[in-house]
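This report concerns only the one structure given below.
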Amino acid sequence: MRLDRRQANELREIFLRRRVQKFPAGSALIEVGDTKIICAATIEDRVPFFLKGTGTGWLTAEYSMLPGASAERVPRDNRSVKANGRAMEIQRLIGRALRAVTDLSAIGERTITIDCDVLQADGGTRTASITGAFVALVEACETIYKVGGTFPVTDFVAAISAGITSDGENILDLNYAEDSTAVADCNVVMTGAGELVEVQITAEKKPFTRAQLNDLLNLAQVGIAELIDLQKDALGRELVWRVGRIG
27 MRLDRRQANE LREIFLRRRV QKFPAGSALI EVGDTKIICA ATIEDRVPFF LKGTGTGWLT
87 AEYSMLPGAS AERVPRDNRS VKANGRAMEI QRLIGRALRA VTDLSAIGER TITIDCDVLQ
147 ADGGTRTASI TGAFVALVEA CETIYKVGGT FPVTDFVAAI SAGITSDGEN ILDLNYAEDS
207 TAVADCNVVM TGAGELVEVQ ITAEKKPFTR AQLNDLLNLA QVGIAELIDL QKDALGRELV
267 WRVGRIG
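Add 26 to the 1-based position in the sequence shown for the working numbering, that's all there is to it.
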């Protein structure tokens, strides 16, 4: 039994709701235990210079933690000072994860910007950002989709953490206390079809075996399937059937 009384393969309590902001084309609030993140998708009629005239669009992401998101105040992002390396790494991960399931040619010469702002952090902010941002992305793409065309989002995608405790137990969806003491921490991004988008794993205290990695991936796959079910619930019937639709 873990500190929060979960089983090893049990997710934290998750709340996922869309349409939480008025102005973005798509938005979602995701709460994973005590981690809370608001995700917004904005669409602009422009593309980076290297895509002009190609008919292809672009998707990018930005990630930040609000000053009161953690126990110690997080300084506000200021572009005039040195960029936050952790935030840069995470926002690039979010962008890669969502581009993996986005047909950029289907959005035309537009840019979709995903903003993920952490209201409160208790572990798993990068994985929760991906899971919540997907819902905002689908909602945003509905605003530019034309019946009979290709819906820009080709499949579901979600992310979860898994790790190895100091006792050698594999656990799913680590909170901060578990993450800070884990022997190994693994972040997994996977599509609805079960295909891997990214695996980030680090041995914190001692090496792990290939068999342990396989066990973590299997554990994560079960958790991601649960997350995708929650994404479908949040999107509702009117949007779930759009994903992967051609014509």
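Cβ coordinates follow ideal geometry from the N, Cα and C atoms, glycine included.
Locate the beta strand (DSSP E) running through residue i, then write down its first and last residues.
i	result
L222	L222 to A229
S187	V183 to I190
Specify the secondary structure class of residue i as computed by DSSP and reduced to three states.
i	result
G52	strand
A87	strand
M27	coil
R263	helix
K258	helix
R43	strand
E57	strand
T153	helix
I170	coil
K108	In this prediction, K108 scores a pLDDT of 48, lower than 50, which makes its location untrustworthy; the coordinate-derived value is nonetheless stated afterwards. K108 falls in the coil class under three-state DSSP.
V179	strand
N35	coil
V164	helix
L92	coil
F234	coil
Tell me the DSSP bridge mates of residue i?
i	result
A159	DSSP output for A159 lists no bridge partner at all.
N196	I190
T128	V179
I250	Paired residues: none, contrary to the question.
I272	T176
Out of the options, point me to the one whose CA is closest to residue i's CA.
i	options	result
N35	A246, R268 and A154	A246
I40	D199, A162, D71 and F182	D199
R44	R268, F234, E115 and L256	L256
G94	A147, L55 and Q117	A147
Y171	A208, N196 and I133	I133
L130	G158, T157 and G83	G83
I227	A237, I69, G189 and A126	G189
N110	M216, V127 and S90	S90
R28	A237, G81, N240 and E195	E195
F160	T235, D259 and L239	D259
R38	L124, I56 and T128	I56
V248	V209, S187, R263 and D211	S187
E252	E221, A229, T157 and V209	T157
D241	A203, E98, G121 and C212	C212
E224	T235, V183 and R236	V183
G145	D30, P233 and V58	Checking the sequence, you will find Leu at residue 145 rather than Gly. For L145, the nearest C-alpha among the options comes from V58.
L154	D193, K231, I272 and L42	Inspection of the sequence shows that residue 154 is occupied by Ala rather than by Leu. Of the candidates D193, K231, I272 and L42, the one whose C-alpha sits nearest the C-alpha of A154 is L42.
G218	T68, C142, A126 and I120	A126
What span of residues does the alpha helix (DSSP H) with residue i cover, start to end?
i	result
I138	Element bounds for I138: not the alpha helix (DSSP H) but the beta strand (DSSP E), T137 to Q146.
A210	No alpha helix (DSSP H) holds A210; the beta strand (DSSP E) holding it covers A210 to T217.
E70	No alpha helix (DSSP H) contains E70, which is instead part of the beta strand (DSSP E) from T61 to E70.
I120	G111 to R125
E204	Y202 to T207
Does chain D have any CB closer than 8 Å to the CB of residue i?
i	result
L92	The displayed structure is made up of one protein chain only, and chain D is not part of it.
_Contact between the stretch 259-273 and the stretch 162-171 is defined here as three or more beta-carbon pairs at a separation below 8 Å; is this criterion met?_
yes
_Contact between the stretch 173-180 and the stretch 150-157 is defined here as three or more beta-carbon pairs at a separation below 8 Å; is this criterion met?_
Too few Cβ pairs lie closer than 8 Å, so no.
_Would the stretch 136-145 count as touching the stretch 64-73 if we require 3 or more Cβ pairs under 8 Å?_
yes
*Three or more beta-carbon pairs under 8 Å between the stretch 60-68 and the stretch 109-119, yes or no?*
no
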